[in-house]
Amino acid sequence: MTAGMSGLRDVWRGGVATWECDEMGHMNTRFYVARCMEAVAMLFGLAGLPRLFAPTSETTLSVSTMHIRFLREARAGTSMHISAGFTAIGGDTAEIVAMMFDSASGDCAATFRLGLGHVAIADRASRRWPEAFAMRIMGDLLETPKLALRRSVGELASLTTASGQRAQELGLRLLGQGAVLQPSCDPFGRMLPHVFVAAMADSVRNIITPLRELCANHSDRRGPHFGAAALEFLVRLDDMPANGDCWEVRSGLARTDSRTMNIVNRMLDPVSCRAFGSMEVVAICFDLETRKLIPIAPAAQAELAGWIVPNLAL
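Just so you know, we're using my numbering here: the sequence shown kicks off at 560 and counts up by one.
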């Protein structure tokens, strides 16, 4: 159930390190998610369920969905903080909204909306929230700020269409491969959410780069300052890979317009072909000198049409 607006709570405070920034000169998306998950742990701890990610905990949180909007750059040396709150609570599920701010200017740099489940460590089965916790949250739910609502991503269907067979049918490109090693896992042996995003983002670079070069060839602003950036992510996590699992990422261009390119990505088990998760990325061409969006020229849009995979959705 949901309720009206109440205040967000400060749950993380820190800054952007140089080593957290990528070749575009701003904080890499994986670190946005890592900081958000720290904020989630603090939010639940302050609400009465501390140490849900501790190795000794009998239950933990599973992330089922993430929606992220990147609103302003976070560059090295910037002081940041995150405020968050609950927007819905069910018997064994919850939804939260978190907003990352530039602490000096007060500008919102990113928004996060997460769907979470409460699960037992032993069997990954759902567990109801403690009654006192659920009652406390139910009395203090807030309305999702408009700034955090979906803007350029597609709808999130109730069931995933991702599978190895479907990827083959659609002709999705193999962009990334790897294996889950222990440092990439939570205390319970599952891939961490920010590592999932990192694997997806690193793989997507293999399609973003040629698409960016295509757009640059039709732009008046071609040259070394012609970069790319993400505006929005929509993530579905079906069954996070575990320590020792192998994975592959298959992707395709779903749609494009004069400003954005939507790329849909599947992380799959290359052995069983089951889906670990999917992520839609809204990308833009980005001027590294002016730090602004570069429009996609009509000629580039016409050429991009040949890259579009029909009926590709999250």
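Ideal placement from N, C-alpha and C gives every residue a C-beta, glycine not left out. Everything numeric in this text was worked out from a predicted model, so none of it was measured.
For this session: Spell out the partners DSSP gives R850 in its beta bridges.
Result: As a first step, residue 850 is located in the sequence shown; it is residue number 291 there, counting from the start. R850 is not bridged to any residue.
| field | Given L770 as reference, the closest of A856, K851, L708, A726 once Cα atoms are compared | value | As a first step, residue 770 must be located in the sequence shown, where it is residue number 211. Closest option to L770, Cα to Cα, is A856.
Problem set entry | Whether P742 touches V592 by CB criterion (8 Å) | Counting from one through the sequence shown, the residue named residue 742 turns up at place 183. Counting from one through the sequence shown, the residue named residue 592 turns up at place 33. Result no, Cβ atoms of P742 and V592 do not sit closer than 8 Å.
Would you kindly work out how many angstroms separate the C-alpha atoms of L733 and D798, rounded to a whole number? For the purposes of this step, residue 733 is identified with residue 174 of the sequence shown, where counting begins at 1. For the purposes of this step, residue 798 is identified with residue 239 of the sequence shown, where counting begins at 1. For the pair L733 and D798, the Cα-to-Cα distance works out to about 20 Å.
- Using CA coordinates, which residue listed in V840, A691, L863 is at the minimum distance from H626? Here residue 626 is taken as the residue at index 67 of the sequence shown, counted from 1. H626 has its Cα closest to that of V840, out of V840, A691, L863.
Item to check | DSSP three-state assignment for V794, whether helix, strand or coil | outcome: Position 235 of the sequence shown, counting from 1, holds the residue named residue 794. Of the three classes helix, strand and coil, the one that applies to V794 here is strand, per DSSP.
Q: Decide yes or no for the touch test of the segment 611-620 against the segment 567-575: beta carbon pairs closer than 8 Å, at least 3 of them.
A: No, the segment 611-620 is not in contact with the segment 567-575.
* Pull up the distance between the alpha-carbon of I680 and that of M826, whole angstroms please. => Reading the sequence shown from its first residue, position 121 is the one you call residue 680. Reading the sequence shown from its first residue, position 267 is the one you call residue 826. Distance between the alpha carbons of I680 and M826 is about 23 Å.
- Query: Mapping DSSP to helix, strand and coil, what is I641?
  - Reply: Within the sequence shown, the letter at position 82 stands for residue 641. In the three-state reduction of the DSSP assignment, I641 falls in the strand class, which pools E and B.
Checklist entry - How many angstroms separate the CA atom of A716 from the CA atom of A858? => result As a first step, residue 716 must be located in the sequence shown, where it is residue number 157. As a first step, residue 858 must be located in the sequence shown, where it is residue number 299. Approximately 33 Å between the Cα atoms of the pair.
* To do: Please report how far the alpha carbon of D661 lies from the alpha carbon of I822, in whole angstroms.
  => Counting from one through the sequence shown, the residue named residue 661 turns up at place 102. Counting from one through the sequence shown, the residue named residue 822 turns up at place 263. In this structure, the straight-line span from the alpha carbon of D661 to that of I822 is close to 28 Å.
Could you say if the segment 780-796 and the segment 689-708 meet the contact criterion of at least three C-beta pairs nearer than 8 Å? The segment 780-796 is not in contact with the segment 689-708.
- Message: Rounding to the nearest angstrom, what Cα-Cα distance links E772 and A788 in this structure?
- Response: The residue given as residue 772 occupies position 213 in the sequence shown. The residue given as residue 788 occupies position 229 in the sequence shown. Spanning the alpha carbons of E772 and A788 requires a straight line of approximately 14 Å.
Separation of G584 from A691, as counted between CA atoms: Position 132 of the sequence shown holds residue 691. Position 25 of the sequence shown holds residue 584. One C-alpha to the other measures close to 45 Å.
task = Throw me the rounded Cβ distance for the F612 and A600 pair, which I believe falls under 8 Å.
result = As a working mapping, residue 612 is identified with position 53 in the sequence shown. As a working mapping, residue 600 is identified with position 41 in the sequence shown. Going by Cβ atoms, the distance from F612 to A600 rounds to 6 Å, so yes, they are a contact pair.
message: Mapping the DSSP letters down to three states, classify R634 as helix, strand or coil.
response: As a working mapping, residue 634 is identified with position 75 in the sequence shown. Coil at R634, not helix or strand.
Q) Can you list, in chain order, the residues of its chain whose CB lies under 6 Å from that of R672, leaving out five sequence neighbours each side? A) The count along the sequence shown starts at 1 and reaches residue 672 at position 113. If we look at R672 and ignore the five residues flanking it on each side, its Cβ neighbours are H626, V656, A707.
Which of helix, strand or coil does DSSP assign to V575?
Residue mapping note: residue 575 aligns to position 16 of the sequence shown, counting from 1. DSSP places V575 in coil when its eight states are reduced to three.
Figure out for me which residue from S711, L852, N587, C744 has the closest Cα to the Cα of D761. Locating residue 761 in the sequence shown gives position 202, counting from the first residue. The option with the nearest alpha carbon to D761 is N587.
message: Short of 6 Å in beta carbon distance, which residues of its chain neighbour G723, apart from the five on each side in sequence? Order them along the chain.
response: Taking the first residue of the sequence shown as 1, we reach residue 723 at position 164. The answer, listed in chain order, is L827, C832.
| field | Start-to-end residues for the beta strand (DSSP E) that takes in I822 | value | Indexing the sequence shown from 1 puts residue 822 at position 263. Where I822 is concerned, the enclosing beta strand (DSSP E) stretches over 820-827.
Can you tell me whether DSSP reads G584 as helix, strand or coil? Here the question's residue 584 lines up with position 25 in the sequence shown. In the three-state DSSP reduction, G584 falls in the coil class, being neither helix nor strand.
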